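In the numbering used here, the protein residues as written are 70 to 467.
We put the CB at the ideal spot given by N, CA and C, even for glycine.
If you're wondering where the values come from, they're calculated on a predicted model, not measured in any experiment.
The structure appears below as structure tokens.
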């Protein structure tokens, strides 16, 4: 016999005790088909990893609030929602805990995920009420930048990580089993389903186009900006810093560190943009020390954090997801699972670099200067280019 379990993270003290008491009494007897599905789940996953949930959860909360507004009677929630309501938030469900799962794809990329939960909603006749859903309570510092729950799921909701996500079933065998269980109650098919669900959680199918790929871990496509090359940007430099900027550029040019090529009479970088940015930032940091000692304005406000993975530069987008750490997510076997972040030290490396926009602003000025001053063989030969430069004295314009 199942016990009354409240999954929701909302404050249960807001709800009428009479409503909870009535619900407990009305649904204390679990139908035999539901118990048969529960036993099949326990047999496959083990009793420690399976719980039969019977209770007033998120769907009923929504129904409750709409009812109380309309009728001022909380018991309308029961009359309106159960037992006829058969969607994801049906009164019966099988909650399955995957303490640790290794997810692997066809090219042997893999990751380990923790405290992964599946909820399988049931009708009272033992049929599947709707598609199962997932939620995860423990994330690694490698997963968070990618908002990665599982390759089959959308990225986690940053405002509400407790939200259960409907996965993509693709074209695999589990899709057919799910469809069959929605129309037929069959204990053998339920046994097959639990086996397929287990295998489904362990696989990322690249051919099936996953929502989030394992290759995105540590970086992420949804909360980072990928920066691959120079972009034509020009920041407005404050008037009081323009002379300092001119001094910095002249100092940099005097070092012969700037590698460039002339292609079709135009200057281009002689190395990758990322390689140039890293070296350029190193030079700036040395220059900043000397400039500070000489009371010359510096540009430290343009130093920001970037991530580098596989020789590609990414800019992090601010997120308040870590503020959710410790937030209750669900209750399983009497234990409350909270939003947890596990440190792995496997995330992409973080570097403090000059902002791309500031670096590109200077790079554009360097290109303009070089286009005026060098011939196709990189020999200093001042010339007029598009009316910008004349004679042997070429001004660096800031």
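* What alpha helix (DSSP H) runs, 4 residues minimum, are completely inside the region 307-384? -> Taking only runs of at least 4 residues, the alpha helix (DSSP H) segments lying wholly in the region 307-384 are 311-322, 342-362.
* Which first and last residues belong to the alpha helix (DSSP H) in which residue 392 is found? -> Counting along the chain, residue 392 falls outside any alpha helix (DSSP H), and DSSP gives it neither H nor E.
* Going by DSSP, which residues form a beta bridge with residue 161? -> DSSP, once it has assigned bridges, lists 123, 191 as partnering residue 161.
* residue 228 versus 211, 333, 392, residue with shortest Cα-Cα distance -> The residue among 211, 333, 392 with its C-alpha nearest the C-alpha of residue 228 is 392.
* To do: Please determine if the region 244-259 and the region 218-227 are in contact, where contact requires at least 3 C-beta pairs separated by less than 8 Å.
  => Verdict: no, contact absent.
* Residues near residue 336 by beta carbon distance below 6 Å, same chain, minus five either side -> Only 329, 436, 439, 440 meet the Cβ criterion.
* To do: Check whether the region 198-215 touches the region 230-237, counting contact only when three or more Cβ pairs, one atom from each stretch, lie closer than 8 Å.
  => With a cut-off of 8 Å, the region 230-237 and the region 198-215 count as touching, because enough Cβ pairs lie within range.
* Answer with buried or exposed for residue 376, where buried requires no fewer than 16 other C-beta atoms within 10 angstroms of its C-beta. => By the neighbour-count rule (16 or more Cβ atoms within 10 Å), residue 376 is buried.
* To do: Spatial neighbours of residue 303 within its chain, please: CB distance less than 7 Å, with the 5 preceding and 5 following residues excluded, ordered by chain position.
  => Excluding the 5 residues flanking it on each side, residue 303 has same chain C-beta neighbours closer than 7 Å at 430, 433, in chain order.
* **Check: residue 320 C-beta below 8 Å from any heavy atom of the ligand NAD** => No copy of the ligand NAD appears in this structure; indeed no ligand is present at all.
* Asked: Taking the C-alpha atoms as reference points, what is the distance between residue 120 and residue 284?
  -> Answer to the nearest angstrom: the Cα atoms are 34 Å apart.
* Asked: According to DSSP, which residues form a beta bridge with residue 397?
  -> Residue 397 pairs with 407.
* Under the assumption that residue 103 contacts residue 193 (Cβ atoms under 8 Å), give the Cβ distance between them as a whole number of angstroms. => That belief holds up - the Cβ atoms of residue 103 and residue 193 are roughly 6 Å apart, short of 8 Å.
* To do: For residue 134, collect the residues of the same chain with a Cβ closer than 6 Å to its Cβ; drop the 5 residues on either side in sequence, then sort them by chain order.
  => With a pLDDT of only 34 at residue 134, under the threshold of 50, the placement of this residue in the model should not be trusted; the figure read from the coordinates follows. Non-local beta-carbon contacts of residue 134 in its own chain, meaning distances under 6 Å to residues more than five positions away in sequence, are absent.
* **Strand pairing of residue 166, partner residues [DSSP]** => Residue 166 has 186 as its beta-bridge partners, per DSSP.
* Should residue 261 and residue 215 be called a contact, given that it needs their Cβ atoms to be closer than 9 Å? -> Their beta carbons are not under 9 Å apart, which means residue 261 does not touch residue 215 by this criterion.
* To do: Please go through the same chain and pick out, in chain order, the residues whose beta-carbon is closer than 6 Å to the beta-carbon of residue 259, but skip the five residues on each side of it.
  => Its chain contains 106, 109 as the residues whose beta carbon lies nearer than 6 Å to that of residue 259, once the 5 sequence neighbours on both sides are disregarded; these appear in chain order.
* Asked: Taking buried to mean at least 16 other C-beta atoms within 10 Å of its own C-beta, is residue 174 buried or exposed?
  -> Classification for residue 174: buried.
* Would you mind reading off the limits of the beta strand (DSSP E) that contains residue 203? => In this chain, the beta strand (DSSP E) harbouring residue 203 covers 202-209.
* Which two residues bound the contiguous beta strand (DSSP E) that contains residue 418? -> Segment 418-423, the beta strand (DSSP E) holding residue 418.
* Are there 16 or more other CB atoms within 10 angstroms of the CB of residue 218, so buried, or fewer, so exposed? -> Buried: at least 16 other Cβ atoms inside 10 Å.
* Relative to the alpha-carbon of residue 306, which residue among 428, 98, 116 has its alpha-carbon at the smallest distance? -> Minimum Cα distance to residue 306 is reached at 428.
* Asked: Hey, quick one: how far does the alpha helix (DSSP H) through residue 229 stretch, first residue to last?
  -> Careful: residue 229 lies outside any alpha helix (DSSP H) and carries neither H nor E.
* To do: Pick helix, strand or coil for residue 215, following the three-state DSSP scheme.
  => It is helical.
* Per DSSP, cross-strand counterpart(s) of residue 234 -> In DSSP, residue 234 forms a bridge with 203.
* Go through its chain and collect everything with a Cβ distance to residue 162's Cβ below 7 Å, but skip five positions before and after it. => Counting only Cβ-Cβ distances below 7 Å, and skipping sequence neighbours, we find 122, 188, 189, 190, 191.
* For residue 380, which residues of its own chain have a beta-carbon under 7 Å away from its beta-carbon, when the five flanking residues on both sides are left out? -> The answer, listed in chain order, is 343.
* Beta-carbon spacing of residue 183, residue 221 below 9 Å -> No, Cβ-Cβ distance for residue 183 and residue 221 is not below 9 Å.
* Asked: By a C-beta neighbour count over all protein chains shown, 10 Å radius and 16 as the cutoff for buried, is residue 212 buried or exposed?
  -> Result: buried.
* Asked: What separation, rounded to the nearest whole angstrom, lies between the Cα atoms of residue 365 and residue 353?
  -> If I take the Cα positions, the gap works out to 13 Å.
* Asked: Hey, quick one: how far does the alpha helix (DSSP H) through residue 103 stretch, first residue to last?
  -> Where residue 103 is concerned, the enclosing alpha helix (DSSP H) stretches over 101-114.
* Of the listed residues 250, 264, 255, 237, nearest to residue 275 (C-alpha basis) -> Answer by Cα proximity: 237.
* For residue 113, I'd like the list of residues in its chain whose CB is within less than 8 Å of its CB, leaving aside the five on either flank, ordered along the chain. => Shown here for residue 113: same chain residues with a beta carbon closer than 8 Å to its own, the five before and five after excluded, namely 260, 263, 264, 267 in chain order.
* Asked: Does the distance from the CB of residue 210 to the CB of residue 411 come in under 9 Å?
  -> A contact, by the Cβ cut-off of 9 Å.
* residue 423 and residue 382 closer than 9 Å at C-beta -> Contact: no.
* Asked: Using the beta-carbon count (16 or more within 10 Å), is residue 172 buried or exposed?
  -> When all chains shown are included, residue 172 counts as buried.
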